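First residue of the sequence shown: 6, per the working numbering; consecutive thereafter.
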Amino acid sequence: MYHDKLDKFPEGFLWGAASAAYQIEGGWDVDGKGPSIWDQFTKIPGKTFQGTNGDIAVDHYHRYKEDVRLMAEMGLKAYRFSVAWSRILPSGKGEVNEKGLLFYENLIDELKRYDIEPVLTLYHWDIPQALQDEYQGWESREVIDDFDHYARILFERFKDKVKYWVSFNEQNVFTALGYRWEAHPPNIADVKRMFEANHIINLANAKAINSFHELVPNGMIGPSFGYGPMYSLDCEPNNVLAALNGEEFQNHWWLDVYVNGKYPKVTFKQLEKLGVAPSIKDGDLELLQSAKPDFLGVNYYHGGTVRANEIEFPLQESEADLEKDFQATDPYLMQPKEEQAQSPEKRMFANVSNPHLEKTKWGWEIDPIGIRIALRRLQNRYHLPMMVTENGLGAYDHLTEQRTIEDDYRINYLKEHIVEIQKALTDGVELLGYCAWSFTDLLSWLNGYQKRYGFVYIDRDEQDEKELERIPKKSYYWYKKLIETNGNLV
Ligand code: BG6
Numbered sequence: 006m007y008h009d010k011l012d013k014f015p016e017g018f019l020w021g022a023a024s025a026a027y028q029i030e031g032g033w034d035v036d037g038k039g040p041s042i043w044d045q046f047t048k049i050p051g052k053t054f055q056g057t058n059g060d061i062a063v064d065h066y067h068r069y070k071e072d073v074r075l076m077a078e079m080g081l082k083a084y085r086f087s088v089a090w091s092r093i094l095p096s097g098k099g100e101v102n103e104k105g106l107l108f109y110e111n112l113i114d115e116l117k118r119y120d121i122e123p124v125l126t127l128y129h130w131d132i133p134q135a136l137q138d139e140y141q142g143w144e145s146r147e148v149i150d151d152f153d154h155y156a157r158i159l160f161e162r163f164k165d166k167v168k169y170w171v172s173f174n175e176q177n178v179f180t181a182l183g184y185r186w187e188a189h190p191p192n193i194a195d196v197k198r199m200f201e202a203n204h205i206i207n208l209a210n211a212k213a214i215n216s217f218h219e220l221v222p223n224g225m226i227g228p229s230f231g232y233g234p235m236y237s238l239d240c241e242p243n244n245v246l247a248a249l250n251g252e253e254f255q256n257h258w259w260l261d262v263y264v265n266g267k268y269p270k271v272t273f274k275q276l277e278k279l280g281v282a283p284s285i286k287d288g289d290l291e292l293l294q295s296a297k298p299d300f301l302g303v304n305y306y307h308g309g310t311v312r313a314n315e316i317e318f319p320l321q322e323s324e325a326d327l328e329k330d331f332q333a334t335d336p337y338l339m340q341p342k343e344e345q346a347q348s349p350e351k352r353m354f355a356n357v358s359n360p361h362l363e364k365t366k367w368g369w370e371i372d373p374i375g376i377r378i379a380l381r382r383l384q385n386r387y388h389l390p391m392m393v394t395e396n397g398l399g400a401y402d403h404l405t406e407q408r409t410i411e412d413d414y415r416i417n418y419l420k421e422h423i424v425e426i427q428k429a430l431t432d433g434v435e436l437l438g439y440c441a442w443s444f445t446d447l448l449s450w451l452n453g454y455q456k457r458y459g460f461v462y463i464d465r466d467e468q469d470e471k472e473l474e475r476i477p478k479k480s481y482y483w484y485k486k487l488i489e490t491n492g493n494l495v
């Protein structure tokens, strides 16, 4: 630590919390909503923890007023939520479902009544099933105009009420889990199709950002990227090179396109050699370069550690345990049934566990300093303001006999990360706000309701929705104080 004293968080810093439609709303088929790919996927036996789905979730659709009142009592300054595309356009395009729009309008009005800044995410993983059935969703270029049409409806309707907008949530995660690891819908294991779909999503993102700048000139829009800084296992130069490759393959591959409209060269060449590079058509790069985000949303949970690639540098005995440990615990390393013939990483880097870091019960590394490193790297490379749009701890919580939740572990986790953010601010990083994941407990896509993140406990489990009672946890009161002191409590 090289500062004598940390800077204060700036006036108006957006202390917030986040959620996503499918994970909280429920009401999956009410008021004209059409099904999304998640409504269908979660019904396939064996895909989610104990067959859980978001049919009811935490019933935010019917209880949003109660939830916003709890936000207001906490003093929350910002609330990030996503819109379910298939509530607005049940079949993905065509006629608008006014009842769906009205739900979000009421939510936004309710937030504003308490001076809570809405942060609206256009896409948090739930494309309408109708578009998946009609033309395979993100794999067809037809989706670019359909997504733009959907986005423009929201821009027109909410341009005077919502200033901060997120275009895509964690494009890196939903493309990998959906098209490569067969873990999310549309349940595909094909690297080439992943890179093709990803390119089409980049084009959809660019087009919608351009529409935004035309329709909402005073607003700010950006993607929320799932960023994890890549570390080298040690200072052996081949490992350092591997970390450079990892950073480019896992992060710059998306971020360089968002900000500069260019794919990183080294990775692109690797993908071309393997025959899995995306097909770039005339006009694509011009579109990508024409759209500039106004800020970067950063979702931070953990980074990654790598060593030299396995092809040229077979694993050392001393490294074998770290690799095994990584494979045993990292939830995103979901190998498809058969080894993928064209696994680009194999030639670029190999993942290992970081021997210096503890893990959560779900195997996610806990690395508060990583968030400072993340913000510093992103600031220097992209020169955009940032907003932490997700950060939090998934844990088992215990409801005591007195019906309290003593989640000191969550308080410690958040405190440690927020201190590192304050250091990053003191270093010179420009940050608009911090949205913890999540406000209430919610459905963890693949892990049911037992993996909890919220400040507010929801009394339900996998088998029984009970009364869905809302119970503020100890961390709720801690965050309330933190907000009151504009972050100076920590
Ligand atoms: C992020 C997503 O990847 O991580 C959230 O944007 C998600 O939607 C969060 O819930 C935590 O992931 P998980 O798998 O623990 O629910």
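Just so it is clear, CB atoms sit at the ideal spot from N, CA and C, and this is done for glycine as well.
These numbers come from a predicted model, not from an experiment.
For N452, the Cβ falls inside the 7 angstroms cut-off from some heavy atom of the ligand BG6. In terms of CA proximity to L112, V124 leads the group V124, N102 and V101.
Beta-bridge partners assigned by DSSP to C440: G21. In chain order, G39, W90, S91, I132, P133, A135, L136, E139, D151 and Y155 place their CB closer than 8 angstroms to the CB of G97, counting only its own chain and leaving out the 5 sequence neighbours on each side. Counting along the chain, the unbroken beta strand (DSSP E) around S229 starts and ends at M225 to G231. When DSSP states are grouped into helix, strand and coil, D466 belongs to the coil group. For the pair T445 and R475, the CB atoms are nearer than the 8 angstroms cut-off. The beta-bridge partner set that DSSP reports for R312 consists of A355. For V281, the closest alpha carbon among the candidates P390, T394, Q28 and V196 is that of V196. C-alpha of G105 to C-alpha of R185: approximately 32 angstroms in a straight line.
Excluding the 5 residues flanking it on each side, N192 has same chain C-beta neighbours closer than 7 angstroms at F46, in chain order.
With a cutoff of 7 angstroms, Q455 does not count as near the ligand BG6, since its C-beta is closer than that to no heavy atom of the ligand. Around the C-beta of N243, fewer than 16 other C-beta atoms lie within 10 Å, and the residue is accordingly described as exposed. Relative to the ligand BG6, N111 has its C-beta separated by 7 angstroms or more from all heavy atoms. When C-alpha distances from R352 are compared across G251, Q321 and R85, the shortest belongs to G251.
Residue pairing by DSSP places W170 opposite L125 and I226 in a beta bridge. Taking a cut-off of 8 angstroms for Cβ pairs, the segment 304-311 and the segment 232-239 touch, as three or more such pairs fall below it. Minimum Cα-Cα distance from W367 among the listed residues Y458, R157, E219 and G31 corresponds to Y458. Cβ contact annotation for Q321 (same chain, cutoff 8 angstroms, sequence separation greater than five): none.
The beta carbon of L404 sits closer than 8 angstroms to the beta carbons of I410, Y462, D464 and I476 from its chain, once the five residues preceding and following it are set aside; these are given in chain order. For the alpha helix (DSSP H) assignment, the uninterrupted runs of no fewer than 4 residues enclosed by the segment 189-220 are, from N- to C-terminal side, 196-220.
In the structure shown, I42 adopts helical secondary structure according to DSSP, grouped into three states. Remark: fewer than three beta-carbon pairs, one from each stretch, lie closer than 8 angstroms, so the segment 406-426 and the segment 63-77 are not flagged as touching. DSSP places T431 outside any beta strand (DSSP E); the residue lies instead in the alpha helix (DSSP H), whose first and last residues are D413 to D432. The beta carbon of R381 is closer than 8 angstroms to those of A429, D432 and V434 in its chain, skipping five residues each way along the sequence. Y387 places its beta carbon less than 8 angstroms from that of L260. Cα atoms of D165 and W483: separation of roughly 33 angstroms, rounded to the nearest angstrom. Beyond the five residues adjoining it in sequence on each side, N491 comes within less than 6 angstroms, by CB distance, of F14 in the same chain, given in chain order. Counted as a single uninterrupted DSSP element, the beta strand (DSSP E) harbouring A83 occupies residues A83 to S87. Listed in chain order, the non-local C-beta contacts of A83 below 6 angstroms within the same chain comprise L19, G21, E122, V124 and G438, local neighbours out to five positions each way being set aside.
Taking 8 angstroms as the cut-off, the Cβ atoms of S443 and S87 do not count as close. Burial check for K70: the Cβ neighbour count within 10 Å stays below 16, so the residue is exposed.
Residues Q427, K428 and T431 of the same chain have their beta carbon placed closer than 7 angstroms to that of L11, with the five preceding and five following residues left out of the count. Here F160 is not near V101, since their CB atoms are 8 angstroms or more apart. Remark: three or more beta-carbon pairs, one from each stretch, lie closer than 8 angstroms, so the segment 47-61 and the segment 26-36 are flagged as touching. Note that the C-beta distance between E350 and F230 is not below 8 angstroms.
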